[in-house]
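As structure tokens, the structure follows; a few thoughts come after it.
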């Protein structure tokens with residue numbers, strides 16, 4: 002079965018029993034989760050997030066800088082007042098750097114593709130807990146985040162456990 | 002119960018029955034879903050995504066431009082070859098523009114906060130299906146996306162149904 006077929010068939014089953022079509026646009030619990038796009042994380046299940054209650058932002062590495070636009074929108078336009086940044090063990094962002102990524106792009110996709118990413122900061126990092134703390138501090142330093150509660154966490158893909166760092 | 006308490010208690014229950022601690026870092030089904038951070042979307046359930054099988058990228062509006070870094074990493078570093086862009090009905094990004102967002106920030110957080118977002122493009126849009134098509138075309142126009150399959154979809158938050166646009 003193709004990816005598209007599985008999506009459509011699985012969605013038909015989901016929609017057949019769907020009863021939450023009247024949820025409001027703003028998150029009912031007024032918080033946002035920022036976590037990684039990693040395939041091994043299911044935020045709704047692992048972090049106990051009922052449908053409609055929280056924004057769930059996911060990018061490579063759960064980067065606060067990369068999610069700045071999303072967070073401002075979540076807070077200023079949709080009323081959230083709390084952000085939980087959840088990075089995780091075994092993150093791909095711990096395994097390469099800008100030079101490696103650019104070299105891979107050039108080798109596999111050519112010169113024009115290399116130009117498209119030559120100014121791109123991949124926002125990799127070397128120290129997981131240190132980066133959680135640094136992201137929390139960076140976000141808290143922004144005037145636009147005044148009054149927003151920010152905490153930092155680590156999720157363990159090996160055990161399914163989450164723990165608070167800061 | 003606070004947000005943090007619910008997360009920790011819910012996660013204790015999740016981890017207690019967790020059995021998938023040996024999943025590989027690269028997505029086993031080699032695809033990425035790009036969808037919105039909206040609280041009313043549960044991609045794993047609605048789009049039938051088994052744990053470990055796909056990257057799930059979520060930002061405000063399911064913006065391909067905002068997810069460019071994530072998509073390059075997903076493909077070049079972690080081997081995905083297919084992207085499904087899934088925007089949705091009732092999206093908050095249909096409801097404001099850059100000027101409105103900047104005005105709100107200035108009024109609620111002050112001058113310094115306004116300066117932090119004065120160059121920020123919130124990437125809002127006015128036509129849902131049009132924007133799905135435009136994002137797909139934009140992504141396909143990139144040399145770094147050569148060989149990657151890109152499709153565009155709309156999820157209906159009112160019915161739980163997803164449909165393909167392009």
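Chains as they are written, first to last, in this note's numbering: chain D, 2 to 167; chain C, 2 to 167.
We put the beta carbon where it would ideally sit given N, CA and C, even for glycine.
It should be emphasised that the depicted structure is a prediction, and the values quoted were computed from it without experimental measurement.
Residue 13 of chain C and residue 162 of chain D have their C-alpha atoms spaced approximately 7 Å apart. With respect to residue 106 of chain D, residue 114 of chain D sits close: the two C-beta atoms are nearer than 8 Å.
Apart from the 5 residues on each side of it in sequence, residue 41 of chain C sits with its Cβ closer than 6 Å to the Cβ of 158 in its chain, given in chain order. For residue 36 of chain D, the enclosing beta strand (DSSP E) has its first and last residue at 32-37. In terms of Cβ geometry, residue 25 of chain C and residue 55 of chain C do not form a close pair [threshold 8 Å]. One Cα belongs to residue 82 of chain C, the other to residue 149 of chain C, and the distance between them is close to 5 Å.
Residue 2 of chain C sits exposed, since fewer than 16 C-beta atoms from the chains shown fall within 10 Å of its C-beta. About 6 Å separates the beta carbon of residue 155 of chain D from that of residue 133 of chain D, a gap short enough to meet the 8 Å contact definition. For residue 71 of chain D, the chain C residues whose C-beta falls within less than 7 Å of its own C-beta are 38, 60, 61, listed in chain order. The Cβ of residue 86 of chain D sits no closer than 8 Å to any Cβ of chain C. A straight line joining the alpha-carbon of residue 21 of chain D with that of residue 151 of chain D spans about 29 Å. Residue-level contact check: residue 134 of chain D does not touch chain C, since none of the beta carbons of chain C fall below 8 Å from its beta carbon. Counted as a single uninterrupted DSSP element, the beta strand (DSSP E) harbouring residue 88 of chain C occupies residues 83-89. When C/145, C/160, C/9, C/109 are compared, the shortest CA-CA separation from residue 69 of chain C is found for C/145. With fewer than 16 other Cβ atoms from the protein chains shown falling within 10 Å of its own Cβ, residue 80 of chain D counts as exposed.
Judged by DSSP in its simplified three-state form, residue 127 of chain D adopts coil rather than helix or strand. Distance from the CA atom of residue 48 of chain C to the CA atom of residue 98 of chain D, rounded to whole angstroms, is 32 Å. A direct Cα-to-Cα measurement between residue 143 of chain D and residue 29 of chain C gives close to 38 Å. At a cut-off of 8 Å between beta carbons, residue 41 of chain D contacts chain C.
With a 10 Å radius around the Cβ and a threshold of 16 neighbouring Cβ atoms, residue 77 of chain C comes out buried.
With respect to residue 126 of chain C, residue 53 of chain C sits apart: the two C-beta atoms are not nearer than 8 Å. Taking 8 Å as the cut-off, the beta carbon of residue 123 of chain D is found closer than this to the beta carbon of residue 74 of chain C.
Within the same chain, and ignoring the five residues on either side of residue 130 of chain D in sequence, the residues whose Cβ sits closer than 8 Å to its Cβ are 155, 166. Around the beta carbon of residue 153 of chain D, 16 or more other beta carbons lie within 10 angstroms, which makes this residue buried. Against chain D, a Cβ distance below 9 Å from residue 123 of chain C picks out 70, 73, 74, 78. Less than 8 Å divides the Cβ of residue 86 of chain C from the Cβ of residue 65 of chain C. Flagged as an interface residue toward chain D: residue 97 of chain C, by a C-beta distance shorter than 8 Å. Identification of chain D residues near residue 90 of chain C by a Cβ-Cβ cut-off of 8 Å yields none; the smallest Cβ-Cβ distance measures about 10 Å. Rounded to the nearest angstrom, the Cβ distance from residue 72 of chain D to residue 84 of chain D is 6 Å, consistent with a contact under 8 Å. Against chain D, the beta carbon of residue 138 of chain C has no neighbour under 7 Å; the closest one sits roughly 16 Å away. Check the Cα spacing between residue 140 of chain C and each of C/17, C/5, C/35: the tightest is with C/35.
The Cβ atoms of residue 110 of chain D and residue 31 of chain C lie no closer than 8 Å to each other. Close to chain D, meaning a Cβ-Cβ distance shorter than 9 Å, are the following residues of the region 10-27 of chain C: 10, 11, 12, 13, 14, 15, 16, 17, 18, 19, 20, 21, 22, 23, 24, 25, 26, 27.
For residue 52 of chain D, the nearest CB of chain C lies under 8 Å from its own CB, placing it at the interface with that chain.
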